[in-house]
Amino acid sequence: MKKILIATTALVATTGYAAADINLSGAAAAGFQYFDTDIVEEKVVTHFDYTLTIAMSGETDGGLTFGTDLTITGSDTGTLNGGDLVAYIEGGFGKFSAGNVGSAVDATLGLGDLGFDGLGTDNVAETLVDYNDQGSLMYKGTFGDFAVAASYNMSVDGLDPNVGDKANEFSIAATYNMGDYDFGLGYDERGDTFTVKAGANVSGFDIDALFSKGEVVANTKVKFAGMVLDTTLADTDVTAWGLTAGYTMGATTVTAAYSNADFDGAELDIYGVGVAYDLGGGAKVKGGVASVGFDGGDRTTVADLGITMSF
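According to mature numbering (1 follows the signal peptide of the UniProt record, and there is no 0), the sequence shown holds residues -20 to -1, 1 to 291 in order.
#1: DSSP state of residue 273, grouped into three classes?
#2: Identify whether residue 237 lies in helix, strand or coil by the three-state DSSP scheme.
#3: Cα separation between residue 166 and residue 285?
#4: Helix, strand or coil: how does DSSP classify residue 231 here?
#5: Can you give the Cα-Cα distance for residue 123 and residue 178, rounded to whole angstroms?
#6: For the beta strand (DSSP E) that residue 155 lies in, which residues bound it at each end?
#7: Closer than 8 Å is the cut-off here; do at least three beta carbon pairs connect the region 252 to 264 with the region 66 to 80?
#8: Quick check on this structure: which residue in 116, 11, 91 and 81 has the alpha carbon closest to the alpha carbon of residue 222?
#9: For residue 46 versus residue 37, is the C-beta distance shorter than 8 Å?
#10: Quick check on DSSP: helix, strand or coil for residue 141?
#11: Express the C-alpha separation of residue 80 and residue 292 in angstroms, rounding to a whole number.
#12: Below 8 Å, how does it come out for the region 243 to 262 and the region 271 to 287: are there three or more Cβ pairs, yes or no?
#13: Please classify residue 280 as buried or exposed, where buried requires at least 16 other C-beta atoms within 10 Å of its C-beta.
#14: Along the alpha helix (DSSP H) that carries residue 101, what are the first and last residues, could you check?
#15: Could you pull the DSSP bridge partners for residue 169 from this structure?
#16: May I have the straight-line CA-CA distance separating residue 141 from residue 111, to the nearest angstrom?
#17: Taking only the alpha-carbon atoms, compute the straight-line gap between residue 217 and residue 86 and give it to the nearest angstrom.
#18: Am I right that residue 33 and residue 5 are in contact with their C-beta atoms under 8 Å? What's the rounded C-beta distance?
#19: Rounding to the nearest angstrom, what Cα-Cα distance links residue 301 and residue 15 in this structure?
#20: From the DSSP output, in three-state form, read off residue 284 for me.
#21: Our contact map puts residue 287 next to residue 11 with C-beta atoms below 8 Å; I'd like the distance itself, whole angstroms only.
#22: If residue 224 sits next to residue 235, beta carbons under 8 Å apart, how far is it from one beta carbon to the other, in whole angstroms?
#23: Using CA atoms only, rank isn't needed, just tell me which of 169, 227 and 194 is closest to residue 107.
#24: Give the DSSP-derived three-state secondary structure of residue 31 in the structure shown.
#25: Rounded to the nearest angstrom, what separates residue 157 and residue 126 at their Cα positions?
#26: If you run the structure through DSSP and keep just helix, strand and coil, what is residue 8?
#27: Check this for me: beta carbons of residue 84 and residue 183, under 8 Å apart or not?
#28: Might you give, ordered along the chain, the residues of its own chain that have their beta carbon closer than 7 Å to the beta carbon of residue 149, omitting 5 neighbours on each side?
#29: Relative to the C-alpha of residue 50, which residue among 266, 42 and 77 is closest?
#30: Within 10 angstroms of the Cβ of residue 159, are there 16 or more other Cβ atoms? Answer buried if so, exposed if not.
#31: Would you check if the distance between the CB atom of residue 290 and the CB atom of residue 7 is smaller than 8 Å?
#32: Measure the C-alpha to C-alpha separation of residue 24 and residue 255 and round it to an integer number of angstroms.
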C-alpha cells in the first residue's frame, strides 16, 4: 500500500486536530482466458484489469474515525468505472457507511473463485446473493467472536435490468467464529432470501459451503470467465448452493469447487479446479479450468491463466 500524508500548513498550525491522510492501494490482473463455445469467435483471448482505491480518512477530537473510499476500475475493454464511492464514520460502536455499499449478506457471506480473473464457480452458488446485492446504507459491528452487518437500500434508478424498480429493502447478516470454524446466517428482504454459510480451516485444508433459497423477481445474470449468462426469469423460486475445498502446501494452493443453482427445476451447475502460486510481494500466478452448463444441455469449458498483483 502506498501512503501519501496530506498535512497542509493550516492543518499543521491548528491544534486539536489529528492529521488527515490519503492512502492509495490497487490491484491488477493480466493473463489468458479460454472459452470452448461458439458464442465467441476467438476461443483464447488476453485479458487485463485494474482497481485503484483512494482512501481518505481523519480523526475527530473525540477519537472517531471518518473518511471516504473511492474505487476506480478499468479493463482491456476500455471501460472505466469510478462510481463506487463510500463515506463512513467509525468508532467503538462499529462502522456506519453510506454510498455504494451493497448488501450486508454480500459483504459478509460468500465463496472464493478459481483462476486469475474468476471462472465463476462462486457466481452460480451466489446467484441470489448477487441478485440481492444493493444498498446505500450499512452498519458493521464486531463483538468478540460475533460480527453483524445490516444494510438498507434507498436508491434504485430503475434502469438496470438486474435491479427491480423498488427500494426501501434491507439485508442483515451475522457471523460467529469458533477457532478454526466459522458460521454465518443472512436474510435479504429483496427476493425473501435466506443464506447460510459454514467454513473450516484445519490441517492446511480450507473448506467453505454456502446455501441460499429465495425468489428472483426480476431478470438476473450469472457471470463466468468473462461471459454473462442472462436468465429472463421472473417470480421464480431459486435454490443455490456451492462448496469449495482448498489445500495449501507452502506457496502453492490447490482448490476444487462445485456450485449448483435450481431455477424452478432448470438446474445450472459448474465444477472446476484451480491452482495459485504465491510469488511474494503481493504477486501470485493463478490458473484454473471449469465446466458449466444446464442439466441435460451442452456444457462449456472455461479456463484461464495469469498473474494477479496487489499494491
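Just so it is clear, CB atoms sit at the ideal spot from N, CA and C, and this is done for glycine as well. On a predicted model such as this, the values are computed, not experimentally measured, just so you know.
Judging by the given coordinates:
#1: strand
#2: strand
#3: 34 Å
#4: coil
#5: 19 Å
#6: 149 to 158
#7: no
#8: 91
#9: yes
#10: Because residue 141 sits at a pLDDT of 45, beneath the cut-off of 50, its placement in the model cannot be relied upon, and the point is left open.
#11: Shown here, the chain extends from -20 to 291; a query on residue 292 therefore has no answer.
#12: yes
#13: buried
#14: 101 to 105
#15: Looking at the DSSP assignment, residue 169 forms no beta bridge with any residue, so it has no partner.
#16: With a pLDDT of only 45 at residue 141, under the threshold of 50, the placement of this residue in the model should not be trusted, and no figure is reported.
#17: 19 Å
#18: 5 Å
#19: Because residue 301 is not part of the residues shown, which for the chain are -20 to 291, the question remains open.
#20: strand
#21: 6 Å
#22: 6 Å
#23: 194
#24: strand
#25: 7 Å
#26: strand
#27: no
#28: 133, 169 and 170
#29: 77
#30: exposed
#31: yes
#32: 19 Å
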